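For the sequence shown, the numbering used here assigns the number 219 to the initial residue and increments by one for each residue that follows.
Below is one structure, written out as structure tokens; comments come after it.
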Amino acid sequence: MAKILNWLKYYRASLIDGSRGEKNNIFPNPLQRDSSTLSYITENEMTVIWDDQKIVKFNFKPITVTNINDDEFNENDGLNNIDFEKSEDRIIQNGDLTEINKIEIAPISITTVIEHGYKMGNIKLHYPFWIPAYVSKTGELYPPKEGETPLFVRNYLEPNPRDLPTIALMEVLDEKLKNRDFNTTNWSNYWKDCEHFFKAVSGKYFKDYKDSEYHQFSICKLEESNTTRNILNLYNDLVFDKNAKKQKYPILEKVLEIEEEAKNYDLSDVEIFLNPNHFGQMNGEFPLSLSQRVAFAQFTSKHNQKTFAINGPPGTGKTTILQSVIANTITNAVLKKENAPLMVGCSTNNQAITNILDSMKLKETSNTLFNRWLPEVSSFGLYLAASSKGKEASKEYQVATTNFLNDGFVRQLDDKAKILDYEDFFKSKFQAHFQIHTTDDDFDILDYLFEVIKSTKSQINKTTKIALRKYEVPEILKQNGYKNYEELIVKIKEIITSIQKNQEIQKQLKQIQNNLLERNKEIPFYVKLLPLKKFRTIRESAYKLVIQPFYREFPENFKWYRYGLVNAEIESFLFKTINEEQELNRLLSELSELKKDIDFRNDEHEKFVIYWLDNYGEKWKDLIQKTKQEYSNLAVLEDTAAKLDVSYRNELFWSCIHYREWEYIQELKQTEAENKERGKSPYVTKLKRLAKVTPLFISTFHTLPKFSTYYKYPEGNRFYKELFDLMIVDEAGQVSPEVAAPSLTFTKKILAVGDVYQIEPVWGIVKGVDYVNAEKYNIINNEEDFEAVDNLGFTASNGNLMKMIKKTTPFSFIHSNGESEKGAYLLEHRRCLNPIIEYSKENIYKGSLKLMVGNNHDKEHKLPPLGYIHIDGTSEKHKGSSRKNIKEANAIIQWVINNKEKLETAYNKPLSEILAIITPFSAQKIILKQLLNKHLDKDITDNLIVGTVHALQGAERPIILFSAVHDTKDKMLFFDYQGKFNMLNVALTRAKHSFIVIGNMAILNPKDSSPSGRLGATLFSKEAYALDDSFIYKSDIVYSKSKDYEVTRIDTLESHRSCLKKVFRVARKELIVFSPFISINAIQKDEIEKHIKESVDKDVKVRIITDKTFDIDKQTQRLKPYSEKGRNAIENVGANLLIDNGIHNKTICVDDAILIEGSFNWLSATRDKKSPYHKKNASVIIQGDKVKEDIERIKKNFKV
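Here you go:
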């Protein structure tokens, strides 16, 4: 495997390549030329561009390039002496040197209209393509010399999470970059080659973007992106440090191991539910779910040493388990009287950071214990923010923005003038909670709190022991041969009965002995002595009569006439019976002890439950109610774990919080007034002090390095190694490796939570560039090596941190289908109605999710959990490769207008909190926003979320509208990209109550195994999911009169029947009727056979187009009889019947002059108004100049 240093170099290069995105330093006035080629820059123009501080010297004559190895770096060079911007391929310069500035040239631009803010309505310029160049002070242009290549800015490539115009596809760029070298012999050849490259990727030349009299070229300085500056500084420290080759980074090394962790440990139920390491719980309202508890037990077990991943599908409670991990870490440190642990929560996604921040915020409660005992502290988190975000973020969160940690919230908190106020405030809360009337100077608050903490811990341990003893009862019974307690009781009763019987037998035997003796005395002596047969018979009869109850116990051929033998046998019986009694008593004693032990265990547990319910009964009752009996009638271990979570563990956590708060106040007294602790040790001390108040530091990976430095003279700022005890990465599936890798050196342990089946990272570089970098830094030797590391999630073009850390986790999860997946797995889904999440459960999560919500909601609206509305709109490009569908957008706006009032009534909330609109394309988002602004009030449109899936990642709404945009001519559906379900998975799982697709349903082929095909199969599985679409054809927004269109509406059964008959009469050459369903009943009612025949006889081509599967009986899988008869009838009279998949249109095309679109099923709708199947329908009859084009489009789409 490649050395860690090689990986760092590779990731550093990837970061630099990927961060060359949006330019913030563009010179204000573009250069203007008559042609689309920029051959020079005038000296006057250079006066604005030239920067004496950015001069670099190069020889532009033929030169020799030598690769200098790392070993050739001078070990005495400090970091400050290295030019990090220069390539490691250093140029050996000969001859004359030319002074140049490095610049980038944008040969094209795209314009959009600003939608919000004081510049609303203004034109905004976008620069999607940049050509790196060197320029002399006189304006002479040169090709670059250090490997810089032309750049398509990532934000303008599809797939694109941002609301920007796009000009090309990422996969096309990737293909065109393979083995691509640029001609740098001279500027002319270089420029031409750059344009050829641009044309190959985008399909256009530079001249195609000219929109004024002149061609315009924008210029900017060639610099790395500010957003990655902190990460790049960290890379520079790691890569160029003089001891770089000797450094050890345990977490990074573990994460970059090629081999998957072979060990997959199993934990017992006791280890899971009576977790000996679980003492703190942040959430006292809800306990951990089963899968959360398993994941938590695995994370806290001895088997987890460094890296751990928790797979968190949508709505499965990732926040809850993160809170538990944080709370437990805090609590255990206090119990051990250790320093406050340093924990940091990270991600690259702003929504993920917001989610972490929100999860740390506190609500005021009536119970003093569960509130902060420091004033103006409202969260467990401290947001380490970029300076640009600090002001806005501080409105909601506790924020610091300087690496001195001396501004914002920290400045206010660390104000020594407030110490007395802090103490008074704390003591007032302390006294109120513990009912203590005085806390004078002799009173030790810390000691008192620690006694409370120890007592609560003792209660937890005692409870777990009680539960364990109760849990062991079945096994104890089993080991003693009993299936259950009842069997033991029955056995004890049997033994007691046996002893009683035994004692009765003993009594009888003793009596018989006495009787035998007396009877023997009564026999004359001569009868006893004389050996006559008759005397023997007399004795035998006498003795038998005495021992008659035990006669059968004697052996055959027994010599009954001999008294001694008879008496000896009786004594033997008695001895045996006495021994049996002793054995029975022994067994009874053992079983009685067993019963006593079990009774003790059961009684002890029962008393605990009674005692616990006396104290927490109302809370438990509320929990059972809120969770629909999820926590009722649990087995003893599960029940105990749940009870501990919402009581003692929660209380212990808060006691530890207050312990740390008092510690903080006392330590603040000892700090110096000057608040600039930047030395290696003082800065850590400050962090640990702050961690007692805000135990979780929260930062993006872009900002974290800035807050993980210390100052060391004379070297300057240095980066810590293993500064944090625990790093938590939320939405780790969205974190690209090159962004996170260097920050893994900051932590001793890492927990990644995320889902590789949701939104992926926005990778900054394409596969071709990535391959070159990997090869250059000796990560790979060939394509096979690249595919191997790519599959592991290591690459900067296709990897993510979640995948990397999953691989290293010493636990795995077995799915319902038997497949194994590394890492822990959260399973209980609590967001969407079951029919919504079923799509993800079956297609993505291998059937393993547990659906906890149910099939119905309690809101008063009739929308089903899944629904679709078909509209035959046109997908078209919009200023690049992003797509729009205006007709579809208009239909969505009309739906929103129609449903706004009843939805707001049903939810008693504004529409923006009920509904969101998701679309795959940023262009469609722009159209939708424009239409919303046009037709709805500003207070709605400002707050209503409309955007790509990224806009709602980590969020939810009761109702989601999905604008599909595509039509049947689109060869590839964006949400089928690379066959991944990620986009549709995120889209569906944002909807709690209803997910509605509005678009051309023909694009969703239910027979296809693609993501869209599986969605189609789900949507078309129930008739109830087909929503009323008649509103579309009543809408003036969707169908409006214009100079190109004359629109007439029909909305009654009679008018539709009349219209159908009329089209057969007026058609001259061709009549096309789309009817997804066909029924002989409708055909006969309207005499369609006669009309078809009459038209055919006039040489009119009659084509009837119907769907292949809609009329199939789901049980028999055969065509329904009335449909079969209808199809035959149509063909028998000369119509051409076309059968295809995905026919949702109810359209009629009359020649090239009349187009009818609507909701009426022309050849299947019931003609009886009294029928329960009768529906109100609407259609539009369209005529005009543009109708011919529309009909041609329809015919082309359906290959008619």
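Cβ coordinates follow ideal geometry from the N, Cα and C atoms, glycine included.
These numbers come from a predicted model, not from an experiment.
Which of the three DSSP states, helix, strand or coil, is assigned to residue i?
i: phenylalanine 1012; result: coil
i: isoleucine 654; result: coil
i: alanine 1235; result: helix
i: glutamate 1046; result: strand
i: proline 1229; result: helix
i: asparagine 1354; result: strand
i: arginine 1385; result: coil
i: histidine 414; result: helix
i: glutamine 311; result: Note that glutamine 311 scores 38 on pLDDT, short of 50, meaning its location in the model is unreliable; the coordinates nonetheless yield the value given after this. Three-state result, glutamine 311: coil.
i: methionine 500; result: coil
i: glutamine 434; result: strand
i: tyrosine 483; result: coil
i: methionine 945; result: strand
i: proline 1339; result: helix
i: phenylalanine 1180; result: strand
i: valine 1398; result: strand
i: arginine 1321; result: strand
When the Cα atoms are used, what is the spatial distance from residue i to residue j?
i: threonine 1270; j: lysine 1394; result: 7 Å
i: asparagine 991; j: leucine 452; result: 19 Å
i: alanine 386; j: glycine 1234; result: 28 Å
i: aspartate 1090; j: arginine 1101; result: 15 Å
i: glutamate 431; j: threonine 255; result: 15 Å
i: threonine 316; j: glutamate 389; result: 39 Å
i: isoleucine 1419; j: alanine 1209; result: Given that the chain is displayed from residue 219 to residue 1418, the structure contains no residue 1419 and the question cannot be resolved.
i: phenylalanine 1238; j: valine 957; result: 42 Å
i: arginine 230; j: lysine 1059; result: 38 Å
i: glycine 357; j: asparagine 319; result: 10 Å
i: aspartate 1304; j: lysine 1279; result: 8 Å
i: valine 276; j: leucine 395; result: Correcting the residue identity first, residue 276 is phenylalanine in this sequence and not valine. Each residue's alpha carbon lies about 27 Å from the other.
i: tryptophan 1380; j: serine 1293; result: 6 Å
i: serine 676; j: proline 532; result: 37 Å
i: leucine 747; j: asparagine 775; result: 21 Å
i: isoleucine 1055; j: methionine 578; result: 28 Å
i: tyrosine 929; j: serine 899; result: 10 Å
i: leucine 855; j: asparagine 495; result: 15 Å
i: leucine 806; j: glutamine 721; result: 15 Å
i: glutamate 789; j: serine 759; result: 20 Å
i: isoleucine 1361; j: serine 519; result: 56 Å
Would you say residue i and residue j are within 8 Å of each other, going by their C-beta atoms?
i: isoleucine 1177; j: tryptophan 1113; result: no
i: aspartate 948; j: asparagine 573; result: yes
i: arginine 1286; j: aspartate 1369; result: yes
i: valine 1265; j: valine 1398; result: yes
i: leucine 1044; j: alanine 527; result: no
i: glycine 1376; j: tyrosine 1263; result: no
i: phenylalanine 497; j: isoleucine 684; result: no
i: leucine 1356; j: isoleucine 1310; result: no
Residue i and residue j look like a contact to me (Cβ under 8 Å); what is the Cβ gap, rounded to whole Å?
i: alanine 462; j: leucine 456; result: 7 Å
i: serine 1015; j: isoleucine 977; result: Incorrect: roughly 16 Å between the Cβ atoms, too far for contact.
i: glycine 563; j: isoleucine 968; result: Going by Cβ atoms, the distance from glycine 563 to isoleucine 968 rounds to 11 Å, so no, they are not a contact pair.
i: threonine 918; j: serine 565; result: 7 Å
i: alanine 1347; j: isoleucine 1298; result: 6 Å
Looking at residue i and the ligand NAP, is the gap between the Cβ and the nearest heavy atom below 7 Å?
i: asparagine 803; result: No copy of the ligand NAP appears in this structure; indeed no ligand is present at all.
> Can you give, in chain order, each stretch of the alpha helix (DSSP H) that sits fully within the region 1231 to 1282 and has at least 4 residues?
Replying inline: If we require 4 residues or more, the alpha helix (DSSP H) runs fully inside the region 1231 to 1282 come out as 1248 to 1252.
> Which ranges would you report for the alpha helix (DSSP H) in the region 863 to 943 if only whole runs of at least 4 residues count?
Replying inline: Listed in chain order, the alpha helix (DSSP H) runs fully inside the region 863 to 943 are 866 to 888, 898 to 908, counting runs of at least 4 residues.
> Which runs of the alpha helix (DSSP H) spanning at least 4 residues fall entirely within the region 219 to 269, listed in chain order?
Replying inline: Taking only runs of at least 4 residues, the alpha helix (DSSP H) segments lying wholly in the region 219 to 269 are 222 to 236, 261 to 267.
>> In chain order, what are the residue ranges of uninterrupted alpha helix (DSSP H) at least 4 long that sit wholly in the region 513 to 566?
In response: The region 513 to 566 is shown to contain whole alpha helix (DSSP H) runs of 4 or more residues at 536 to 553, in chain order.
> Residue ranges of each beta strand (DSSP E) run of no fewer than 3 residues wholly in the region 599 to 673, ordered along the chain?
Replying inline: Here the runs fully enclosed are 599 to 602.
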